[in-house]
Amino acid sequence: MINLKNKNSGALMNKYIDILEKKLSEYLPLKKPEIIYEAMAYSLLSGGKRVRPLLLLYTTEILEGEISKALPYACALEMIHTYSLIHDDLPALDNDDFRRNKPTSHKVYGEDIAILAGDGLLNTAFEIMFEDAVTNPQGIKAGYLISKYAGINGMIGGQVVDVISEGKEISKETLSFIHENKTSALFRASLSAGASISGCGDDVVNKFDQIGYNIGMAFQIKDDILDISSNSETLGKPVKSDLKNNKNTYVSMFGLEKAYKDSEKFGEDALRLISETCGVNNSLYELAEFLTKRVK
Ligand code: GRG
Numbered sequence: 025m026i027n028l029k030n031k032n033s034g035a036l037m038n039k040y041i042d043i044l045e046k047k048l049s050e051y052l053p054l055k056k057p058e059i060i061y062e063a064m065a066y067s068l069l070s071g072g073k074r075v076r077p078l079l080l081l082y083t084t085e086i087l088e089g090e091i092s093k094a095l096p097y098a099c100a101l102e103m104i105h106t107y108s109l110i111h112d113d114l115p116a117l118d119n120d121d122f123r124r125n126k127p128t129s130h131k132v133y134g135e136d137i138a139i140l141a142g143d144g145l146l147n148t149a150f151e152i153m154f155e156d157a158v159t160n161p162q163g164i165k166a167g168y169l170i171s172k173y174a175g176i177n178g179m180i181g182g183q184v185v186d187v188i189s190e191g192k193e194i195s196k197e198t199l200s201f202i203h204e205n206k207t208s209a210l211f212r213a214s215l216s217a218g219a220s221i222s223g224c225g226d227d228v229v230n231k232f233d234q235i236g237y238n239i240g241m242a243f244q245i246k247d248d249i250l251d252i253s254s255n256s257e258t259l260g261k262p263v264k265s266d267l268k269n270n271k272n273t274y275v276s277m278f279g280l281e282k283a284y285k286d287s288e289k290f291g292e293d294a295l296r297l298i299s300e301t302c303g304v305n306n307s308l309y310e311l312a313e314f315l316t317k318r319v320k
C-alpha cells in the first residue's frame with residue numbers, strides 16, 4: 025500500500041493519518057444504493073498518501089487553528105483528489121488498470137459506476153463543506169478556495185489543456201500552465217484553506233498559497249521523473265504511463281537533469297518560504313522536505 029504512515033517520521037503524522045482515515049470512513053456509511061457507497065469507499069479508503077489533507081491539517085496546527093474545524097475541509101479535499109484519480113484512470117482518459125496497488129475503479133465496478141463514484145465523491149466533498157460552513161463563517165472562504173482550485177480555474181483547467189495537448193508539441197508556458205493547474209492548484213488549496221480555516225487574513229493566506237504552489241510544482245516534476253525512473257510496485261500504479269499516452273512531461277521537454285534541478289529549486293523555494301514564515305522545527309517543514317525529496 026502506498027501510505028505515508030510508518031514510512032516517514034513522526035507520531036504526529038501517524039496521529040493525523042489515523043484521524044483522517046477514521047473521519048473519511050465515517051463519511052461513507054454503507055447505505056442504499058450500496059454499490060455507489062462501496063465503489064466510493066473502494067477508492068477513497070485504499071491507502072493514498074493523504075498528502076493534501078495532511079498539508080491542510082499541518083497548516084492549521086502551525087497557525088493555531090482548530091483541527092476539528094479543519095477536518096471536514098481536509099476530508100473534502102481528499103475526496104476531490106480521489107475523484108480526479110478515478111476519472112483520470114478511465115478508458116477515455118489515461119486508461120490505467122492499477123492505482124494505489126489495486127485494480128482501478130472501472131476495472132472493478134465498470135465504467136458507469138466508476139464515473140458515478142467519482143461524481144459521488146465530488147458532490148459529497150461539497151456537501152461536507154457546506155454542512156460545516158452553515159455554522160462556521162471561516163469555512164466559507166476555505167470552501168471557496170478549494171472549489172476554485174479544483175475547478176476550471178485549477179485542476180480541471182489544467183487537465184483540459186493536458187488532454188488537448190497530447191501528442192502535440194507544446195511551449196514551456198503551456199507545460200507550466202498544465203502543471204500549475206492540474207497538480208499545484210490542489211496543493212495551493214490545501215495550504216490556503218488551512219490558513220483560512222485558522223482565521224488568518226489575506227496576507228497570511230496568500231503566503232501559504234505560495235508555499236503550496238512551490239510544493240505542488242516540485243511534486244509534479246518529481247511525478248514526471250518517477251514515471252520514467254521508478255517501478256510499478258513502488259508507485260502502486262503503472263510506470264511510463266505518460267509515454268504510453270503521448271503526454272508532454274517535464275522530462276520529455278527538458279531532460280532528466282533539468283527536471284531534477286528544477287524540482288529541487290521549487291522544493292527549496294517552498295522550504296525557504298516556510299522557514300521565513302514559521303521556522304524549520306515544525307511538521308509542515310518536515311512534510312514539505314519529505315515530499316520534495318520523495319521516491320514514491
Ligand atoms: C480527471 C477531473 C480530472 C482531473 C485529473 C489530478 C489529475 C487531474 C489526474 C491524476 C493524474 C496525475 C498524474 C495527476 C498529477 C497529480 C498527481 C501526481 C496525482 C497523484 O497524487 P498522489 O501521488 O496520489 O498524492 P495518492 O494515491 O498517494 O493519493
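Quick note on numbering: the sequence shown equals residues 25 to 320 in the working numbering.
Cβ coordinates follow ideal geometry from the N, Cα and C atoms, glycine included.
- Three or more beta-carbon pairs drawn from the region 160-180 and the region 101-110 are found closer than 8 Å, and the two stretches are therefore classed as touching.
- According to the DSSP assignment, Tyr51 belongs to no alpha helix (DSSP H), since it is labelled neither H nor E.
- The closest heavy atom of the ligand GRG lies less than 7 Å from the beta carbon of Asp247.
- Residues of the same chain with a CB within less than 6 Å of the CB of Asp156, apart from the 5 flanking positions on each side, are Pro96 and Gly163 in chain order.
- Rounded to whole angstroms, the gap between the alpha carbons of Asp120 and Asp112 is 8 Å.
- In the structure shown, Pro77 adopts helical secondary structure according to DSSP, grouped into three states.
- The region 192-199 and the region 68-85 do not touch, with fewer than three beta-carbon pairs separated by less than 8 Å.
- A contact is defined here as three or more CB-CB pairs under 8 Å, and the region 54-74 fails this definition with respect to the region 200-218.
- Pairing Lys93 with Ile221 gives a Cβ-Cβ distance under 8 Å.
- Selection Ala100, Gln234, Val75 and Ala294 evaluated against Met153 yields Ala100 as nearest (Cα-Cα).
- With fewer than 16 other Cβ atoms from the protein chains shown falling within 10 Å of its own Cβ, Leu280 counts as exposed.
- Pairing Pro77 with Glu190, the inter-Cα distance amounts to about 30 Å.
- In this structure the region 228-239 lies against the region 294-307, because at least three pairs of beta carbons, one per stretch, are closer than 8 Å.
- About 16 Å separates the beta carbons of Thr258 and Asp266, which is beyond the 8 Å limit, so they are not a contact pair.
- If you draw a 10 Å sphere on the C-beta of Thr128, you find 16 or more other C-beta atoms in it, and that means buried.
- Ser195: not part of any alpha helix (DSSP H); DSSP gives it neither H nor E.
- Closest by C-alpha distance to Tyr309, out of Ser253, Leu215, Ile170 and Ile245, is Leu215.
- In terms of Cβ geometry, Lys261 and Arg123 form a close pair [threshold 8 Å].
- Going by DSSP, Ile235 is part of the alpha helix (DSSP H) stretching over Asp226 to Ser253.
- The alpha-carbon of Met37 is positioned some 13 Å away from that of Ile91.
- With a threshold of 16 other beta carbon atoms within 10 Å, Lys246 meets it and is buried.
- Leu311 has its alpha-carbon roughly 33 Å from the corresponding atom of Lys131.
- Within the chosen limit of 7 Å, the ligand GRG does not reach the beta carbon of Val275 with any heavy atom.
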